[in-house]
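Here is the structure we will look at.
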Amino acid sequence: MSSEHWAKQEYGIDLDPELCKNLEATGIYSFFPIQHITIPKILATGYTKDLCINAPTGSGKTMVYCLPIVQRLVNRVFRRLRAVVIVPSRDLVVQVKKVLDGLVVNTPLTVGVAMGQSNFTSEQRLLTDAKGNSLVDILVATPGRLVDHLEQSPGFTLQHVQFVVVDEADRLLNQSYQDWITKLYNSIYVNESSIENLNKEDSLHPATIRHADGKNPHRIRVPLIRILLSATLTRNPRKLAAIGMPHAELITVNEELNVSSDAKVNLFSTPENLEEGMIECEATEKPLILLELLHKFDGQLTIIFTSSINATHRLCRLLQLHSSNPDSVREYSSTLNQKQRSQLVQACHKGQIKVVVCSDAMARGMDIAHVENVVNYDVPPYIKTYIHRVGRTARAGRAGRAITLVKKGQVKGLVRMLSKANKPDGLPTYPVDTEHMQTLVPRYTECLASLKEILAKEKAGQFGLTTSISLKRKTRDDEEKNEEEDESTDPKELLRQKLIAHMKRRC
-12 MSSEHWAKQE
-2 YGIDLDPELC
8 KNLEATGIYS
18 FFPIQHITIP
28 KILATGYTKD
38 LCINAPTGSG
48 KTMVYCLPIV
58 QRLVNRVFRR
68 LRAVVIVPSR
78 DLVVQVKKVL
88 DGLVVNTPLT
98 VGVAMGQSNF
108 TSEQRLLTDA
118 KGNSLVDILV
128 ATPGRLVDHL
138 EQSPGFTLQH
148 VQFVVVDEAD
158 RLLNQSYQDW
168 ITKLYNSIYV
178 NESSIENLNK
188 EDSLHPATIR
198 HADGKNPHRI
208 RVPLIRILLS
218 ATLTRNPRKL
228 AAIGMPHAEL
238 ITVNEELNVS
248 SDAKVNLFST
258 PENLEEGMIE
268 CEATEKPLIL
278 LELLHKFDGQ
288 LTIIFTSSIN
298 ATHRLCRLLQ
308 LHSSNPDSVR
318 EYSSTLNQKQ
328 RSQLVQACHK
338 GQIKVVVCSD
348 AMARGMDIAH
358 VENVVNYDVP
368 PYIKTYIHRV
378 GRTARAGRAG
388 RAITLVKKGQ
398 VKGLVRMLSK
408 ANKPDGLPTY
418 PVDTEHMQTL
428 VPRYTECLAS
438 LKEILAKEKA
448 GQFGLTTSIS
458 LKRKTRDDEE
468 KNEEEDESTD
478 PKELLRQKLI
488 AHMKRRC
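Residue 158 in my numbering sits at position 171 of the sequence shown, with consecutive numbering throughout.
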């Protein structure tokens, strides 16, 4: 069945033939629930409403706006910047551009990006030509970089924009980013003198022109459609008013993937196919429990979240020391540059990396395919953080697992937090094989000693933060030799005995 057939027959929308082919090329033959509701709505003749879309991560939010934008613009005559997608991070810029690039193949449309850590002058040349004409139809940008171009790039303007998309809306609305909202609208709503200076081509194919002063209403030709998206979308009237959307239509997908419009719904949603659990433990037990979980999840892609960059690095080093394949364990944090992050994501896609330890910079918007497990090594401080962390798995209808390690004394707080996500009873207890976990203690204590040495060398500059490491496993001869030695005063042996005793008490 061709993509043209299902788009028309099942959803009643006429898509450009090239766009149909591009959907088919990416393996898309049907829509997810949120796409089924919103895409035909946005593409309907005369649709001018603003949209707030609240749906779990992995439910297909990106395609909700990418496909309508491409369909609406595909027959444009002259190139103008007509759609701006604003996201909070460079990683999301790359991810969204990849989706758009797949949709615009063999169409006249061009997608551009504006983000930090890239050469600003080179970026300017890719966005506008020497005469100030736009070289892109769609721009994916971080807010700070968008402001830089509005203030410093000759000819760069938003006066033709028909779509403004704000992805990960709560994060963007909670931070000022150089007062980006005000500057965005100052460029979108142009004055009379700017209108008179428009290129002559616009008389043949009218530009999108709006006025803040309300004069010359005949010049207001194409409405501006604004779309806000998030897994934890705000309904705060003040925040929505700040971005000019006080009367936006709210569309929500809940955990069962049921879609509702403008209803009182749960704003914190987790995927339907997500298995959630918790393990209550002492702080000293957490590393061993994590090692036991990774033993159980062997061969599966697992993401581990910690509370800080420092904790991420220490834990990653410990897991590398313990692993028989240290290169399959990597850390992902804000210390990595964009190139390193992209390489890590590609290595995950190729199956070269099986364990990723990361800070919460990873939790928003990163699209690593087929993540099977998420482990909250540290309890997230907010329900929004929890939602974004566990949303790394169980994406696009696939099954996934999310386990949270909870220190004694944290359980009540976790239950209280999860009640905001319609989980008043908290999380079920996830089983741990404590008997097998005891067998990990000798190797674990050995790795702890080596970890201290590695961190000391890193601090002294003798060892790189991302240098590959490994720890030789003891042979049978080594073990027999050690048995002949008096280990009663060895600190590692004392720690080993203490941990074994603690594990036996758990049994």
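The beta-carbon is built from N, C-alpha and C at its ideal position, and this holds for glycine as well.
query                                                                                                          : result
Separation of S76 from E155, as counted between CA atoms                                                       : 10 Å
From V377, Y369 and A386, residue whose alpha carbon lies closest to that of V402                              : Y369
Environment of E501 [buried if 16+ CB atoms lie within 10 Å]                                                   : Absent from the structure is residue 501, since the part of the chain shown begins at -12 and ends at 494.
Given 8 Å, three or more beta-carbon pairs between the segment 45 to 62 and the segment 72 to 88               : yes
Alpha carbon of T219 to alpha carbon of V377, nearest angstrom                                                 : 13 Å
Local Cβ density within 10 Å of H192, reported as buried at 16 or more and exposed below that                  : Model confidence at H192 stands at a pLDDT of 42, short of 50, so the residue's coordinates are unreliable and nothing is read from them.
Contact set for K170: own chain, Cβ-Cβ below 7 Å, skip 5 residues either direction                             : V134 and L137
Rounded straight-line distance, which links the Cα of K410 to that of G(-1)                                    : 37 Å
Proximity below 8 Å, CB of N173 to CB of F284                                                                  : no
Length of the line joining the Cα atoms of R430 and P367                                                       : 29 Å
G451: first and last residue of the uninterrupted alpha helix (DSSP H) it sits in                              : Counting along the chain, G451 falls outside any alpha helix (DSSP H), and DSSP gives it neither H nor E.
Validate contact between the segment 113 to 126 and the segment 28 to 40 using beta carbons, cut 8 Å, 3 pairs  : no
Residue closest to T427, alpha-carbon to alpha-carbon, out of E272, L96 and D37                                : It should be pointed out that residue 427 corresponds to Leu in this sequence rather than to Thr. L427 has its Cα closest to that of E272, out of E272, L96 and D37.
Touching by the beta-carbon criterion (3+ pairs, under 8 Å), the segment 383 to 393 and the segment 307 to 316 : no
Under the three-state DSSP convention, the category S346 falls into                                            : coil
C-alpha gap between C39 and D420, whole angstroms                                                              : 44 Å
Ranges of the beta strand (DSSP E) found wholly within the segment -5 to 46, counting only runs of at least 3  : 38 to 41
Residue range of the beta strand (DSSP E) that includes E262                                                   : L261 to C268
Per-residue DSSP class, three states only, for Y373                                                            : helix
Cβ-Cβ separation, N93 to L237 (assumed contact under 8 Å), whole Å                                             : With 8 Å as the limit, L237 and N93 do not qualify as a contact, their Cβ atoms being about 36 Å apart.
Alpha-carbon to alpha-carbon, H147 and V100                                                                    : 17 Å
Through-space distance from K407 to N106, alpha-carbon basis                                                   : 43 Å
Proximity to T97 [Cα-Cα], best of K439, K326 and D88                                                           : D88
Residue from E5, F18 and G14 with nearest C-alpha to Q(-4)                                                     : F18
Nearest-angstrom Cα separation, counted from H300 out to L160                                                  : 30 Å
Residue interval of the beta strand (DSSP E) (run including Y319)                                              : V316 to Y319
A334 (DSSP reduced to helix, strand or coil)                                                                   : helix
Rounded C-alpha distance that separates E472 from I296                                                         : For E472, the pLDDT reaches just 48, beneath the cut-off of 50, and the residue's location in the model is therefore unreliable, although a value from the coordinates is still provided. Whole-angstrom Cα-Cα distance: 40 Å.
V83 - DSSP class collapsed to helix/strand/coil                                                                : helix
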